[in-house]
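Scroll down for the structure; my scribbles are underneath it.
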Amino acid sequence: MKIRLSTAILWCVLSMLFFGASAVQAEDKPFAEKRVVLQISDPNPFKQTLVLNVASNLVKHYGPDRVDVEIVAFGPGLRLLFADNDNKGRIQGLAASGVRFSACNNTMKNMTKQLGEAPKLNSNAKVVKAGVVQIVDLVGQGYILVKP
Amino acid sequence: MKKISRFALAAACAGSVLTFTVPMKDADAANWLMLQGTERSSAVGRAKVWGFVQGQMQYDFSDPHTNGKYIPPKLIGPNLTSQKQFNVNRARIGVRGTGFPLDSKVNYFLLAEFGNNGITAADGGAAKMTDASVTFNHIPFARVRAGLFKTPGAEEGLQAIHVFDYVNFTNVTNQMLLERFVVKDRFGAPLNPQNPDLTGIAPNGLERGVAAFRDVGVQVFDTISFGKLELTYAGMVGNGNGLNVGDYGDQKDVYGYLSAEQVFGGKGGRREGAKVFAWMQQGKRLVDMDAAEGAVRNEYVDRKRMGAGAKYLKKPFRVTAEYMAGEGMIFVGAHKQNFDMDGITNADGSGLDGKANGFYADFGFYIPGTKAEIDLRYDVYNRLVDDAKFEVKYTTTTIGAQYHLNKKSRVAANYEIRKIESVNDNAGLVANFEGVGPRASVQFTAIY
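Line by line, the protein sequences are chains F and P.
Every letter in the first sequence is one number past the one before it in numbering that gives the first Met the number 0, and letter 64, counting from 1, is 63.
Every letter in the second sequence is one number past the one before it in numbering that gives the first Met the number 0, and letter 146, counting from 1, is 145.
Structural data, given as structure tokens:
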């Protein structure tokens with residue numbers, strides 16, 4: 000019985016790891032020749048499509064292993080990384096290609112006040128302390144900042 | 000106990016995985032109910048201004064009645080005052096979105112009509128609100144939409160008019176589904192054939208706008224996806240009073256709709272797929288049954304409509320077919336604004352308890368490598384079926400072409416070959432319908 004219970008737990012953990020693994024894997028891009036950080040902070044929903052298009056085009060052009068792309072969302076742009084966002088299928092696909100998604104914690108706190116509860120984020124999003132700080136740090140590391 | 004624990008653990012585990020893997024239904028581009036009633040989750044603004052303008056020229060080639068005058072089918076609507084007419088038939092502006100963008104669970108839809116058509120003409124041409132609704136997306140698989148909006152129903156009526164592939168509706172949709180309302184003085188004399196320039200009497204005797212396939216009420220609906228297969232349902236309760244906000248009686252209309260669609264790809268109003276659907280509408284209308292002028296004896300009259308059909312769209316081909324039937328409150332012409340009761344309930348020719356049915360088949364071909372498409376539609380409408388004297392059969396073949404200037408703008412040209420027959424060879428009807436000829440039209444549409 001204990002073995003069966005352990006097996007169930009193992010399957011559970013493995014399943015969760017499998018579906019949440021892409022973000023972790025994506026952090027490692029040893030062969031990347033280009034490093035790009037994409038900013039989305041605009042309330043215009045068209046910008047959500049645009050930033051995803053840009054990321055997709057970068058991956059297509061250079062190849063998933065040759066380009067390191069991180070999308071940083073803050074301010075109204077954080078809605079891109081909401082769990083129910085209509086673009087979640089595309090986000091999943093890009094994450095599988097190694098694109099990383101960062102969500103601003105300052106914005107999260109602010110939105111939590113407005114909503115009365117913390118917004119649920121896409122499982123591919125990694126919460127960073129501040130979106131703008133994340134961008135500054137990445138630029139300091141040689142990333143090119145693009146704001147579509 | 001251990002069994003329960005293991006089951007609970009497995010269920011929790013499966014639940015946690017499902018939470019991450021099973022997508023919620025995307026609200027975008029599912030079908031007309033979803034397109035008009037929902038927004039893209041967390042991907043829509045506070046207020047998107049949108050609308051469209053349609054202008055047209057129609058030319059009716061019909062010859063006049065033997066007395067030199069004209070009946071409504073020989074004149075261009077909605078005014079029925081000419082056989083050659085330029086018209087801005089639709090000019091709509093609206094706004095839709097989520098009032099509080101952080102919460103996608105509530106969205107709204109507002110639209111007003113400024114053009115000259117059946118919605119506005121009867122009310123003196125003033126602008127009229129056609130849609131004003133709020134959708135609540137809180138309950139899984141049971142979205143709730145409330146307010147004024149298009150009711151679940153036939154494809155031709157439910158679809159967005161700015162992507163409609165023809166200039167004019169089929170006869171069955173125009174006459175049987177597009178509801179006109181009884182005037183207050185139901186025994187007003189039917190209007191005889193008119194001079195096209197009129198002599199002070201409008202042949203369109205209706206005093207309220209058409210329902211425009213809309214009603215005020217509450218609808219529960221949603222789409223459930225199984226991969227590329229979508230199942231959609233809707234149930235609604237409404238006033239049964241069209242665009243006329245408020246009701247004239249206590250009886251409410253009920254509406255039902257089911258569809259199954261295999262989605263091929265694309266999005267929006269021209270998404271490709273194969274769909275089958277069925278629908279029903281049922282309600283009552285309050286009608287004055289007292290023949291004496293000034294006296295009132297209101298009674299409820301049943302109004303039932305139902306239909307089923309299929310649509311296939313995969314470029315370069317489009318095929319649509321739909322059958323509809325109706326019972327009660329059968330509109331018998333713009334000149335018979337009282338449904339032709341003639342003072343005697345249930346008399347021959349009365350639309351109050353009349354029956355009707357009809358169908359259409361539509362074929363479209365998008366010419367590969369071009370921005371052009373050609374359209375062909377055949378429609379039949381049997382009005383007052385089984386009536387001893389006044390059964391009429393309308394048959395129209397429409398040849399059309401469209402040129403898409405861009406994704407938002409196009410020009411359409413139609414040529415309608417029309418035939419109207421008195422099934423019972425009623426001498427009066429035969430005389431009226433003699434000379435009904437083809438109708439040609441050109442229409443531009445610009446969506447913004």
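Glycine residues also receive a C-beta, built at the ideal position from the N, C-alpha and C atoms.
#### Entry: Distance between residue 179 of chain P and residue 24 of chain P (C-alpha atoms, nearest Å)
Position 25 of the second sequence, counted from the first residue, corresponds to residue 24 of chain P. Position 180 of the second sequence, counted from the first residue, corresponds to residue 179 of chain P. In this predicted model, residue 24 of chain P has a pLDDT of only 42, less than 50, meaning its place in the structure is not dependable; the value taken from the coordinates is given anyway. Using only the alpha carbons, I get a separation of about 37 Å.
### Query
Between the region 378 to 389 of chain P and the region 362 to 370 of chain P, do at least 3 Cβ pairs fall closer than 8 Å?
no
### Query
Of the residues that make up the region 28 to 51 of chain P, which ones have a beta carbon closer than 9 Å to any beta carbon in chain F?
38, 39, 40, 41, 42, 43, 44, 45 and 47
### Task
Starting from residue 432 of chain P, trace the alpha helix (DSSP H) both ways and give me its first and last residue.
Mapped onto the second sequence, residue 432 of chain P falls at position 433. It spans 426 to 432 - the alpha helix (DSSP H) in which residue 432 of chain P sits, taken as one unbroken run.
### Task
Return the residues of the region 85 to 116 of chain P that lie within a Cβ-Cβ distance of less than 7 Å from chain F, sorted by chain order.
100, 101, 102 and 103
### Query
What separation, rounded to the nearest whole angstrom, lies between the Cα atoms of residue 92 of chain P and residue 53 of chain P?
For the purposes of this step, residue 92 of chain P is identified with residue 93 of the second sequence, where counting begins at 1. For the purposes of this step, residue 53 of chain P is identified with residue 54 of the second sequence, where counting begins at 1. For residue 92 of chain P and residue 53 of chain P, the distance between alpha carbons rounds to 12 Å.
### Task
Output the distance between the C-alpha atoms of residue 209 of chain P and residue 137 of chain P, rounded to the nearest integer angstrom.
The residue given as residue 209 of chain P occupies position 210 in the second sequence. The residue given as residue 137 of chain P occupies position 138 in the second sequence. Roughly 33 Å between the two C-alpha positions.
### Query
Would residue 447 of chain P be called buried (16 or more neighbouring beta carbons within 10 Å of its own) or exposed?
The residue you call residue 447 of chain P lines up with position 448 of the second sequence. The residue is exposed, with fewer than 16 neighbouring Cβ atoms inside 10 Å.
### Task
Please decide whether residue 24 of chain F counts as near chain P, where near means a Cβ-Cβ distance under 8 Å.
Counting from one through the first sequence, the residue named residue 24 of chain F turns up at place 25. With a pLDDT of 39 at residue 24 of chain F, under the threshold of 50, the predicted position of this residue should be treated as unreliable, though the coordinate-derived value follows. Not one chain P Cβ lies under 8 Å of residue 24 of chain F.
### Query
From residue 304 of chain P to residue 404 of chain P, what does the alpha carbon distance come to, in whole angstroms?
For the purposes of this step, residue 304 of chain P is identified with residue 305 of the second sequence, where counting begins at 1. For the purposes of this step, residue 404 of chain P is identified with residue 405 of the second sequence, where counting begins at 1. When rounded, the distance between both Cα atoms is 37 Å.
### Query
If you drop the 5 nearest sequence neighbours on each side, which residues of the same chain put their C-beta closer than 6 Å to that of residue 401 of chain P?
Translated into positions along the second sequence, residue 401 of chain P becomes position 402. Excluding residues within five positions, the ones whose Cβ falls inside 6 Å are 372, 409 and 411.
### Query
What residues match up with residue 399 of chain P in a beta bridge as DSSP calls it?
For the purposes of this step, residue 399 of chain P is taken as residue 400 along the second sequence, with counting starting at 1. BP columns for residue 399 of chain P point to P:374 and P:413.
### Query
Should residue 245 of chain P be labelled buried (16 or more other beta-carbon atoms within 10 Å of its own) or exposed?
Taking the first residue of the second sequence as 1, we reach residue 245 of chain P at position 246. Counting Cβ neighbours within 10 Å, residue 245 of chain P comes out exposed, since fewer than 16 surround it.
### Query
Using CA coordinates, which residue listed in P:374, P:302, P:323 and P:298 is at the minimum distance from residue 166 of chain P?
Locating residue 166 of chain P in the second sequence gives position 167, where the first residue counts as 1. Among P:374, P:302, P:323 and P:298, the Cα nearest to that of residue 166 of chain P is on P:374.
### Message
For residue 356 of chain P and residue 380 of chain P, what's the separation of their Cα atoms in angstroms?
### Response
As a position in the second sequence, residue 356 of chain P is number 357, starting the count at 1. As a position in the second sequence, residue 380 of chain P is number 381, starting the count at 1. Taking the straight line joining both Cα atoms gives about 6 Å.
### Message
Any C-beta of chain P within less than 8 Å: which residues of the region 83 to 113 of chain F qualify?
### Response
83, 84, 85, 86, 87, 88, 110 and 113
### Task
Report the rounded CA-to-CA distance for residue 62 of chain P versus residue 171 of chain P, giving the unit in angstroms.
Position 63 of the second sequence, counting from 1, holds the residue named residue 62 of chain P. Position 172 of the second sequence, counting from 1, holds the residue named residue 171 of chain P. Those two C-alpha atoms are separated by around 23 Å.
### Task
Grab the span of the beta strand (DSSP E) containing residue 361 of chain P for me, first residue to last.
Here the question's residue 361 of chain P lines up with position 362 in the second sequence. Its beta strand (DSSP E) spans residues 354 to 365.
#### Entry: Simplified DSSP state of residue 85 of chain F, which is helix, strand or coil
For the purposes of this step, residue 85 of chain F is taken as residue 86 along the first sequence, with counting starting at 1. Reduced to three states, the DSSP call for residue 85 of chain F is coil.
#### Entry: Cutoff 8 Å: residue 47 of chain F Cβ touching any chain P Cβ
Residue mapping note: residue 47 of chain F aligns to position 48 of the first sequence, counting from 1. It does: the Cβ of residue 47 of chain F has a partner Cβ on chain P nearer than 8 Å.
### Task
Quick one: give me the first and last residue of the beta strand (DSSP E) that residue 312 of chain P is part of.
As a position in the second sequence, residue 312 of chain P is number 313, starting the count at 1. Looking at the DSSP string, the run of the beta strand (DSSP E) that includes residue 312 of chain P is 297 to 313.
### Message
Just list the residues that DSSP pairs residue 421 of chain P with in beta bridges.
### Response
Indexing the second sequence from 1 puts residue 421 of chain P at position 422. BP columns for residue 421 of chain P point to P:391.
### Residue burial classification, residue 141 of chain P (beta-carbon count within 10 angstroms, cutoff 16)
Taking the first residue of the second sequence as position 1, residue 141 of chain P is located at position 142. It is exposed - the Cβ of residue 141 of chain P has fewer than 16 other Cβ atoms within 10 Å.
### Message
Just checking: is the beta-carbon of residue 78 of chain F within a distance shorter than 8 Å of some beta-carbon in chain P?
### Response
Numbered from 1 along the first sequence, position 79 holds the residue referred to as residue 78 of chain F. Chain P contact via Cβ: present.
### Whole-angstrom distance between residue 75 of chain P and residue 468 of chain P, CA atom to CA atom
Any property of residue 468 of chain P remains undetermined from this structure, which presents chain P solely from 0 to 447.
### Query
Hey, would you say residue 98 of chain F sits closer than 8 Å to residue 134 of chain F, going by beta carbons?
Taking the first sequence and counting its residues from 1, one reaches residue 98 of chain F at position 99. Taking the first sequence and counting its residues from 1, one reaches residue 134 of chain F at position 135. For residue 98 of chain F and residue 134 of chain F, no; Cβs fall outside 8 Å.
#### Entry: Start and end residues, beta strand (DSSP E) containing residue 272 of chain P
Your numbering for residue 272 of chain P matches position 273 in the second sequence. Start and end: 271 to 287.
### Query
Are the region 275 to 292 of chain P and the region 241 to 261 of chain P touching by the rule of at least three beta carbon pairs closer than 8 Å?
yes
### Message
Against chain P, does residue 159 of chain F count as a neighbour if the rule is that its beta carbon must be under 8 Å from one of theirs?
### Response
This structure cannot speak to residue 159 of chain F, because chain F is shown only from 0 to 147.
### Message
With H, G and I counted as helix, E and B as strand and the rest as coil, what does DSSP make of residue 134 of chain F?
### Response
Position 135 of the first sequence, counted from the first residue, corresponds to residue 134 of chain F. The answer is helix: DSSP assigns residue 134 of chain F an H, G or I state.
### Residue-level contact to chain P via CB, residue 42 of chain F, 8 Å cutoff
For the purposes of this step, residue 42 of chain F is taken as the residue at position 43 of the first sequence. Output row for residue 42 of chain F: interface = yes.
### Query
By the criterion of Cβ-Cβ separation under 7 Å, what are the contact partners of residue 81 of chain F in chain C?
In the structure shown, chain C does not exist; the protein chains are F and P.
### Query
Is the Cβ of residue 118 of chain F closer than 8 Å to any Cβ of chain P?
As a position in the first sequence, residue 118 of chain F is number 119, starting the count at 1. Taking Cβ atoms only, chain P reaches closer than 8 Å to residue 118 of chain F, which makes this a yes.
### Query
Where does the unbroken alpha helix (DSSP H) through residue 46 of chain F begin, and where does it stop?
Within the first sequence, the letter at position 47 stands for residue 46 of chain F. Start and end: 44 to 61.
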